[in-house]
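K.L.:
Residue numbers (the numbering used here): 9 to 371.
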């Protein structure tokens with residue numbers, strides 16, 4: 009195992025959902041970033057089918073590792089450590105990555121780190137070219153907003169290898185999941201994020217006043233006396249409101265105004281996510297915010313978050329879109345940081361944990 013001050017060469021494996029990601033980093037330098045997606049296999053179902061995703065990982069894992077090694081111009085024997093997503097995610101998909109990483113680590117005698125998928129999204133911010141030029145390291149007052157098909161969370165990050173706190177999360181659907189369901193309701197296709205974003209550009213975001221969940225009433229509270237869901241989100245009511253709007257048009261034999269519904273839905277999602285994220289940062293003294301997850305590609309979310317962060321004096325960092333979505337580079341980056349900080353490798357008997365809490369950075 010390299011010393012804490014060396015720049016470790018780490019291979020990262022990500023298989024928490026429908027993308028097989030393999031990344032290789034040396035310290036904070038990204039050498040390889042390869043992704044094999046099975047999204048096309050899920051299109052006809054309108055969502056990710058866990059068994060199909062797991063089988064796709066089985067087929068893609070070894071070829072993707074080989075491509076990454078070729079791109080980085082290194083061999084397995086050169087690796088100082090291997091990192092793999094141990095959770096959260098789909099159980100079967102996680103098991104493929106964990107089993108593959110364990111096999112490699114055992115055969116090579118290489119240290120293995122089972123790490124948290126959500127914290128890895130923050131870890132990508134340590135990479136050269138992503139980390140803002142003025143940062144020597146991740147700032148101590150850093151928040152992270154993660155928005156994807158499976159997760160919507162706001163985190164407070166102290167020392168990324170050991171001090172991560174969940175400030176708020178969705179209590180039902182994740183934002184990306186709501187996008188997929190609404191896209192299906194209006195017959196726009198899958199995955200919902202890109203198609204809703206395109207349709208919204210042609211519609212009126214004020215055509216429908218859809219609800220912003222958990223923004224008022226006894227569950228919100230105040231800065232002095234916060235309620236139980238002050239920094240949490242809920243998208244189930246929004247999804248129901250869209251469904252009722254569609255039903256009303258269909259019942260009257262009218263054409264469903266898909267673009268207006270898409271724009272109004274997207275405005276509701278972006279409004280409540282950004283408002284709550286900025287409020288959480290202000291109330292917890294966080295002056296830096298990083299955006300991650302697949303929904304970070306959404307144009308309205310990015311624009312509104314940038315405006316609100318600017319007004320609140322919060323520095324916003326948004327990695328390139330291909331590093332916001334699930335990928336192995338973020339896993340390798342966090343693994344390299346764990347090595348640098350002297351964190352002990354994972355026990356050989358760890359398993360996949362679909363519900364791994366964000367406070368557990370490595371198992």
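We put the beta carbon where it would ideally sit given N, CA and C, even for glycine.
If you count every other CB in all the chains shown that lies within 10 Å of the CB of residue 310, and 16 or more means buried, which is it?
P.N.:
Taking the first residue of the chain shown as 1, we reach residue 310 at position 302. Classification for residue 310: buried.
K.L.:
The ligand NAP and residue 155: does any heavy atom of the ligand fall closer than 6 Å to the residue's C-beta?
P.N.:
The ligand NAP is not part of this structure, which contains no ligands at all.
K.L.:
Nearest to residue 24 by CA position, among 63, 79, 40, is which residue?
P.N.:
Here residue 24 refers to the residue found at position 16 of the chain shown. Selected option, being the one with the closest Cα: 63.
K.L.:
Compute the beta-carbon to beta-carbon distance between residue 280 and residue 220, rounded to the nearest angstrom, for a pair I have assumed lies under 8 Å.
P.N.:
If you number the chain shown from 1, residue 280 lands on position 272. If you number the chain shown from 1, residue 220 lands on position 212. With 8 Å as the limit, residue 280 and residue 220 qualify as a contact, their Cβ atoms being about 4 Å apart.
K.L.:
Out of 123, 268, 187, 228, which has the shortest C-alpha to C-alpha gap to residue 246?
P.N.:
Sequence index remark: in the chain shown, residue 246 carries index 238 (1-based). Measuring from the Cα of residue 246, the nearest candidate turns out to be 187.
K.L.:
Quick one: is residue 53 buried, meaning 16 or more other Cβ sit within 10 Å of its Cβ, or exposed?
P.N.:
Position 45 of the chain shown, counting from 1, holds the residue named residue 53. Flag for residue 53 reads exposed.
K.L.:
Measuring CB to CB, does residue 93 end up less than 7 Å from residue 22?
P.N.:
Locating residue 93 in the chain shown gives position 85, where the first residue counts as 1. Locating residue 22 in the chain shown gives position 14, where the first residue counts as 1. Yes, these two residues count as a Cβ contact at 7 Å.
K.L.:
Report the three-state DSSP secondary structure of residue 125 (helix, strand or coil).
P.N.:
Counted from its first residue, the chain shown places residue 125 at position 117. Helix.
K.L.:
Which class does residue 178 belong to by DSSP, given the choice of helix, strand or coil?
P.N.:
Here residue 178 refers to the residue found at position 170 of the chain shown. Strand, per DSSP.
K.L.:
In chain order, what residues of the same chain have a beta carbon less than 6 Å from the beta carbon of residue 371, not counting five sequence neighbours either side?
P.N.:
The count along the chain shown starts at 1 and reaches residue 371 at position 363. 94, 122, 354, 358, listed in sequence order.
K.L.:
Is the separation between the beta-carbon of residue 346 and that of residue 169 shorter than 7 Å?
P.N.:
Counting from one through the chain shown, the residue named residue 346 turns up at place 338. Counting from one through the chain shown, the residue named residue 169 turns up at place 161. In contact: residue 346 and residue 169 (Cβ atoms closer than 7 Å).
K.L.:
Go ahead and pull the three-state DSSP assignment for residue 186.
P.N.:
Start at 1 with the first residue of the chain shown, and residue 186 comes out as number 178. Residue state, collapsed to three classes: helix.
K.L.:
Does DSSP classify residue 251 as helix, strand or coil?
P.N.:
One-based indexing of the chain shown puts residue 251 at position 243. DSSP places residue 251 in helix when its eight states are reduced to three.
K.L.:
With 16 other CB atoms within 10 Å as the buried threshold, where does residue 137 fall?
P.N.:
By one-based count along the chain shown, residue 137 stands at place 129. It is exposed - the Cβ of residue 137 has fewer than 16 other Cβ atoms within 10 Å.
K.L.:
Check for me: the beta strand (DSSP E) holding residue 296 runs from which residue to which?
P.N.:
As a first step, residue 296 must be located in the chain shown, where it is residue number 288. Run containing residue 296: 296-300, per the beta strand (DSSP E) assignment.
K.L.:
With H, G and I counted as helix, E and B as strand and the rest as coil, what does DSSP make of residue 96?
P.N.:
One-based indexing of the chain shown puts residue 96 at position 88. Three-state result, residue 96: coil.
K.L.:
Does the Cβ-Cβ distance between residue 72 and residue 114 come in under 7 Å?
P.N.:
If you number the chain shown from 1, residue 72 lands on position 64. If you number the chain shown from 1, residue 114 lands on position 106. Cβ atoms of residue 72 and residue 114: not closer than 7 Å.
K.L.:
Assign residue 114 to one of three DSSP states: helix, strand, or coil.
P.N.:
What you label residue 114 is simply residue 106 of the chain shown in a count that begins at 1. DSSP places residue 114 in helix when its eight states are reduced to three.
K.L.:
Between 352, 181, 265, 17, which has its C-alpha nearest residue 86's C-alpha?
P.N.:
Counting from 1 along the chain shown, the entry for residue 86 is found at position 78. Closest option to residue 86, Cα to Cα, is 17.
K.L.:
Just verifying my parser: in three-state terms, what is the DSSP assignment at residue 228?
P.N.:
Residue 228 sits at position 220 when you count from the first residue of the chain shown. If DSSP states are grouped into helix, strand and coil, residue 228 belongs with coil.
K.L.:
Answer with buried or exposed for residue 326, where buried requires no fewer than 16 other C-beta atoms within 10 angstroms of its C-beta.
P.N.:
As a first step, residue 326 is located in the chain shown; it is residue number 318 there, counting from the start. Classification for residue 326: buried.
K.L.:
Which ranges does the beta strand (DSSP E) cover as unbroken runs of at least 3 residues, wholly within the stretch 125-163, from first to last along the chain?
P.N.:
Runs of the beta strand (DSSP E) inside the stretch 125-163: 150-155.
K.L.:
Below 8 Å, how does it come out for the stretch 34-49 and the stretch 319-335: are there three or more Cβ pairs, yes or no?
P.N.:
As far as the Cβ criterion goes, the stretch 34-49 touches the stretch 319-335, which means the pair count is three or higher.
K.L.:
Residues in its own chain within less than 7 Å of residue 11 by CB, not counting five upstream and five downstream?
P.N.:
Counted from its first residue, the chain shown places residue 11 at position 3. With a pLDDT of 48 at residue 11, under the threshold of 50, the modelled position of that residue is not reliable, and the figure given next carries that caveat. Nothing meets the Cβ criterion.
K.L.:
Using DSSP with H/G/I as helix, E/B as strand and the rest coil, what is residue 363?
P.N.:
Indexing the chain shown from 1 puts residue 363 at position 355. Residue state, collapsed to three classes: coil.
K.L.:
Whose C-beta lies closer than 6 Å to the C-beta of residue 58 among residues of the same chain, with five residues either side of it excluded?
P.N.:
As a first step, residue 58 must be located in the chain shown, where it is residue number 50. 98, 100, listed in sequence order.
K.L.:
Under DSSP, the alpha helix (DSSP H) around residue 316 begins and ends at which residues?
P.N.:
Working through the chain shown from its first residue, we reach residue 316 at position 308. Counting along the chain, the alpha helix (DSSP H) containing residue 316 begins and ends at 307-320.
K.L.:
Please give me, in chain order, every unbroken run of the beta strand (DSSP E) with length at least 3 that falls completely inside the stretch 56-105.
P.N.:
For the stretch 56-105, whole beta strand (DSSP E) runs of length 3 or above, ordered along the chain, are 89-95.
K.L.:
Given this structure, state the Cα-to-Cα distance separating residue 181 from residue 258, to the nearest angstrom.
P.N.:
Counted from its first residue, the chain shown places residue 181 at position 173. Counted from its first residue, the chain shown places residue 258 at position 250. Spanning the two alpha carbons is a distance of roughly 25 Å.
K.L.:
Find out if the Cβ-Cβ distance for the pair residue 270, residue 356 is shorter than 7 Å.
P.N.:
For the purposes of this step, residue 270 is taken as the residue at position 262 of the chain shown. For the purposes of this step, residue 356 is taken as the residue at position 348 of the chain shown. No.
K.L.:
Along the alpha helix (DSSP H) that carries residue 38, what are the first and last residues, could you check?
P.N.:
Indexing the chain shown from 1 puts residue 38 at position 30. Per DSSP, residue 38 belongs to no alpha helix (DSSP H); it is in the beta strand (DSSP E), 37-45.
K.L.:
Work out the CA separation of residue 139 and residue 304 for me, nearest whole Å.
P.N.:
The count along the chain shown starts at 1 and reaches residue 304 at position 296. The count along the chain shown starts at 1 and reaches residue 139 at position 131. Each residue's Cα considered, the two are about 17 Å apart.
K.L.:
Provide the residue(s) that pair with residue 24 in DSSP beta bridges, ordered along the chain.
P.N.:
Position 16 of the chain shown holds residue 24. Residue 24 is not bridged to any residue.
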